[in-house]
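> Supplied in structure tokens, the structure appears directly below.
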Amino acid sequence: MQGLNLAVRGMRAEAGGARSRLLLSPAICFFAAFFPALSGVSSQDAVKSPVPPKLSQDASLKQIRSVYTAEYAKAEKRSKAAIAAKRSLSEALLKAGLETGDDAVIAYSLLDESRLLAIEAGAVDLALEALSAMIQRYEFDPHDLQFESFQRLAQRVKSPDDSWSLSHAVRVVAQDCFERDDFDSAEKFIKLVSRTAPRSGDKALASSISVLGKKIKALDKIYSAVEKKLKKLTGPAADLELGRYYA
1015 MQGLNLAVRG MRAEAGGARS RLLLSPAICF FAAFFPALSG VSSQDAVKSP VPPKLSQDAS
1075 LKQIRSVYTA EYAKAEKRSK AAIAAKRSLS EALLKAGLET GDDAVIAYSL LDESRLLAIE
1135 AGAVDLALEA LSAMIQRYEF DPHDLQFESF QRLAQRVKSP DDSWSLSHAV RVVAQDCFER
1195 DDFDSAEKFI KLVSRTAPRS GDKALASSIS VLGKKIKALD KIYSAVEKKL KKLTGPAADL
1255 ELGRYYA
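All the letters of the sequence shown, read from the start, carry residue numbers 1015 to 1261 under the numbering used here.
Shown next, in the form of structure tokens:
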């Protein structure tokens, strides 16, 4: 728990209790998380930590709440001011999570709590940054967490800019699933982004998503047919059939 305490002390030492900082561009964070090569970091070089057990997460979250008691009290009120308080608390926890390198359990809880608060506040930029940090630092299949985050954000975003940022993030994941032949996941993300993209007012974006959706459906149909054939084939015949598909 020492990492959290050190990070908190550093933040509270800032003049006036201010926790302002320049957040990384959500687009840069998002692409760095899913395409490490673009940021000059090899995915093989990055050593990821396992996701902490639920009991460990609960214990660390309890301590986090004890440190930020006043901030949570403001964020949990039913008022317009609570939305801003949630965003502020999310930003503070994100900063602490990024700065905590010696305790993987606390860092995970800080980042995840930041993500959840950002979603509740409808803060797309913060939610994407916290999600990206979790994917970069921890070993897990991110698709379920991504879909949960995107789906909940889609229910809260209002501005065209936020819809645009969210839609681009979802499209990146859909494209990645498509390229990995994970058509079930790709279709799930495409359905979601097909609802958010029109709110952005970007017709080119909506069009590109429509085209990707058609590609996913077409290739999924072909892939399903190939899978059935491969069950009956072995050796060179199976290799040939699979080669034709990828060609």
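We put the beta carbon where it would ideally sit given N, CA and C, even for glycine.
Any idea what DSSP makes of Glu1105, helix, strand or coil?
Glu1105 falls in the helix class under three-state DSSP.
> Determine the extent of the alpha helix (DSSP H) in which Arg1194 is found, giving its start and end residues.
Segment: none, Arg1194 is in no alpha helix (DSSP H) and carries neither H nor E.
> Is the stretch 1107 to 1124 touching the stretch 1059 to 1071, taking contact as three or more C-beta pairs under 8 Å?
Short answer: they touch.
> Leaving out the 5 sequence neighbours to the left and right, which residues in its chain are closer than 6 Å to Asp1198 when beta-carbon positions are compared?
Nothing listed; no residue qualifies.
> Just to confirm before moving on: does the CB-CB distance between Val1171 and Leu1180 stay below 8 Å?
Result yes, Cβ atoms of Val1171 and Leu1180 sit closer than 8 Å.
> What separation, rounded to the nearest whole angstrom, lies between the Cα atoms of Lys1242 and Ile1230?
When rounded, the distance between both Cα atoms is 18 Å.
> Run through DSSP, which three-state label would Ser1063 get?
It is a strand residue.
> Could you give the C-beta distance for Leu1142 and Gln1189, rounded to a whole number, given that I count them as a contact under 8 Å?
16 Å between Cβ atoms; not a contact.
> Between Ser1080, Gln1165, Leu1131 and Gly1111, which has its C-alpha nearest Arg1151's C-alpha?
Arg1151 has its Cα closest to that of Gly1111, out of Ser1080, Gln1165, Leu1131 and Gly1111.
> Under three-state DSSP, which class holds Glu1090?
In this structure, Glu1090 counts as coil in the three-state DSSP scheme.
> Determine the direct distance from the alpha carbon of Val1138 to that of Val1081, and round the result to whole angstroms.
The alpha-carbon atoms of Val1081 and Val1138 are separated by roughly 25 Å.
> Would you call Arg1209 buried or exposed, if buried means 16 or more other Cβ atoms sit within 10 Å of its Cβ?
Looking at its Cβ environment, which holds fewer than 16 other Cβ atoms inside 10 Å, Arg1209 is exposed.
> Looking at Leu1244: is its Cβ nearer than 8 Å to the Cβ of Ala1232?
Their beta carbons are not under 8 Å apart, which means Leu1244 does not touch Ala1232 by this criterion.
> By a C-beta neighbour count over all protein chains shown, 10 Å radius and 16 as the cutoff for buried, is Arg1100 buried or exposed?
The sequence as given places Lys at residue 1100; Arg does not occur at that position. Label assigned to Lys1100: buried.
> Restricting to Cα atoms, I'd like to know which of Ser1224, Arg1092 and Glu1134 is closest to Glu1105.
With distances taken between Cα atoms, Glu1105 lies closest to Glu1134.
> Going by the beta-carbon positions, is the gap between Leu1145 and Ser1173 smaller than 8 Å?
Not closer than 8 Å, so no.
> Expressed to the nearest angstrom, what Euclidean distance is found between the alpha-carbon atoms of Leu1108 and Phe1192?
Computed Cα separation, rounded: 30 Å.
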